[in-house]
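Reviewing the structure listed below.
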Amino acid sequence: MAIVARGFPGLTFGTTPWSATDSTKRIPAKEAGLARCWQSFDFSENVKVTPAIKEEVRRNGFPPTMRADAYYFLSGGSALQREQPPGAYSILAASTSNVSDDAIYSVEDDVRNARVLFKDTRLFSTAKGVEVLSRIIFAYIQHNPACGYFKGLANIAALLLTAFGKEREEQAFWTLVALLERRFFPYTSGRVPSGARVEVHVLQMLLKQRLNALAAPLAKLGTDAMETLCYNWFSTAFTRALPQELVLRIWDCVVVEGPKVALRVAMALIKMCSSSVQSCTCIEVLSRVVEARLSRCQDANALLSIAFKGIGSLSAASVDAARARASAALQRTLSLQLTSLAPVPGCNASSTLSTSSGGSSNGSGQLLHKFASSWPSLKTSGILLSTV
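With UniProt numbering, the residue at position 217 of the sequence shown is 217, and numbering never jumps.
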């Protein structure tokens with residue numbers, strides 16, 4: 001029996017998802033007049049990213065006609081889909097029976113908001129497009145229940161669908177999983193709220209090391225200033241901060257180079273707003289000023305030039321080390337607070353959080369997930385900054 005999602009007449013689950021096969025006609029790169037590095041590029045799970053391709057992606061991004069394939073294979077979405085039993089996505093997308101009522105209501109609200117945000121996109125002007133988007137979101141909630149639903153998931157899934165089209169629904173879903181679990185937040189296994197908290201803390205550390213002239217005035221605005229300003233950048237993969245084409249250019253680089261790109265972009269955004277950062281005396285005012293400025297930002301090349309050339313070297317090893325310190329600090333702080341919090345089933349407070357691409361252990365991941373909800377009561381303890 002199909003299940004009708006409340007608030008969306010005619011939107012059902014239990015129907016057959018759109019085919020995962022690629023029905024999009026590919027145009028040979030040579031015929032499309034694309035850069036030479038794409039003319040012999042064959043997308044597959046074994047594809048190797050050369051320095052020339054990395055540089056081309058930084059300069060111009062993936063060609064729009066190749067973006068879906070690039071995301072699917074280079075993010076690890078193709079490998080993830082191959083590792084699943086046949087029909088895994090269809091089962092996840094067929095029902096919302098394992099989703100809480102609160103999550104269903106939140107999804108409905110955010111899908112409506114996403115339709116407004118993507119009002120110029122024909123895909124979501126039809127009931128069929130909304131149905132595909134909703135199925136992907138509910139499937140992800142059930143695929144990764146430790147993460148659950150979070151603000152921003154609808155926007156991330158919607159933007160991804162604009163690249164794939166509804167005809168490649170299943171591929172879009174596994175690419176979404178790969179983006180969150182292997183590219184943006186591999187160290188928390190795609191637990192976005194927890195991962196975003198870690199990134200904010202790492203960003204604070206990097207700013208202090210590299211752009212202290214901007215870190216110092218931010219610190220004067222309060223202990224939660226960085227979170228107020230930047231948390232949504234990470235938790236929504238920039239979809240609520242920047243125009244869609246800029247976000248896709250950022251994602252292009254994340255797919256090729258991994259999560260450190262998001263930190264580079266965040267530092268670049270703060271650097272672009274340096275005059276406001278240095279002059280504002282109220283974090284709420286600064287947040288509104290920065291939000292307004294970024295919403296009008298149209299020059300992806302300028303932004304990425306600052307991110308890759310105006311920040312200095314940022315090795316994967318140094319970022320991993322910073323994440324390890326940040327994650328350990330957050331976990332130690334949470335462990336100190338656990339006596340005043342309700343127990344987390346299956347949580348092992350002594351487990352350590354892995355910062356490798358393999359993700360986190362179950363116990364430590366739950367600790368950070370618990371931390372995400374208790375963060376406001378912990379920020380003022382002073383332990384976070386004193387232990388890193």
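All residues carry an ideal CB built from backbone N, CA and C; glycine is no exception.
Between the CA atoms of residue j and residue i - distance to the nearest angstrom
i	j	result
residue 67	residue 173	15 angstroms
residue 125	residue 119	7 angstroms
residue 40	residue 246	26 angstroms
residue 165	residue 288	33 angstroms
residue 182	residue 316	14 angstroms
residue 229	residue 250	19 angstroms
residue 156	residue 233	12 angstroms
residue 223	residue 281	14 angstroms
residue 43	residue 258	18 angstroms
residue 338	residue 296	43 angstroms
residue 139	residue 152	15 angstroms
residue 94	residue 113	23 angstroms
residue 216	residue 330	22 angstroms
residue 56	residue 50	10 angstroms
residue 100	residue 131	19 angstroms
residue 86	residue 171	13 angstroms
residue 25	residue 144	In this prediction, residue 25 scores a pLDDT of 42, lower than 50, which makes its location untrustworthy; the coordinate-derived value is nonetheless stated afterwards. Whole-angstrom Cα-Cα distance: 32 angstroms.
residue 98	residue 104	10 angstroms
residue 168	residue 328	40 angstroms
residue 309	residue 91	45 angstroms
residue 47	residue 218	42 angstroms
residue 313	residue 128	45 angstroms
residue 332	residue 60	42 angstroms
residue 396	residue 261	This structure cannot speak to residue 396, because the chain is shown only from 1 to 388.
residue 208	residue 322	12 angstroms
residue 326	residue 38	39 angstroms
residue 225	residue 34	43 angstroms
residue 290	residue 84	42 angstroms
residue 82	residue 89	11 angstroms
residue 211	residue 319	16 angstroms
residue 336	residue 324	18 angstroms
Residue j beta carbon less than 8 angstroms from that of residue i
i	j	result
residue 136	residue 180	no
residue 110	residue 154	yes
residue 202	residue 263	yes
residue 200	residue 188	no
residue 255	residue 74	yes
residue 107	residue 149	yes
residue 191	residue 146	yes
residue 389	residue 272	This structure cannot settle anything about residue 389, because the visible part of the chain is limited to 1 through 388.
residue 252	residue 62	yes
residue 294	residue 268	no
residue 162	residue 121	yes
residue 214	residue 270	yes
residue 276	residue 286	yes
residue 178	residue 76	yes
residue 221	residue 283	yes
residue 278	residue 159	no
residue 196	residue 231	yes
residue 193	residue 235	yes
8 angstroms Cβ cutoff, residue i in contact with chain C
i	result
residue 80	Protein chains in the displayed structure number just one, and chain C is not present.
Ignoring anything shorter than 4 residues or poking outside the region 175-241, list the alpha helix (DSSP H) runs there in chain order.
-> 192-210, 212-220, 225-235
Taking the runs of the alpha helix (DSSP H) that are 4 residues or longer, which of them lie wholly in the region 243-326?
-> 244-257, 260-272, 274-279, 283-295, 300-309
Unbroken alpha helix (DSSP H) runs of length 4 or more, entirely within the region 85-115: which are they?
-> 88-93
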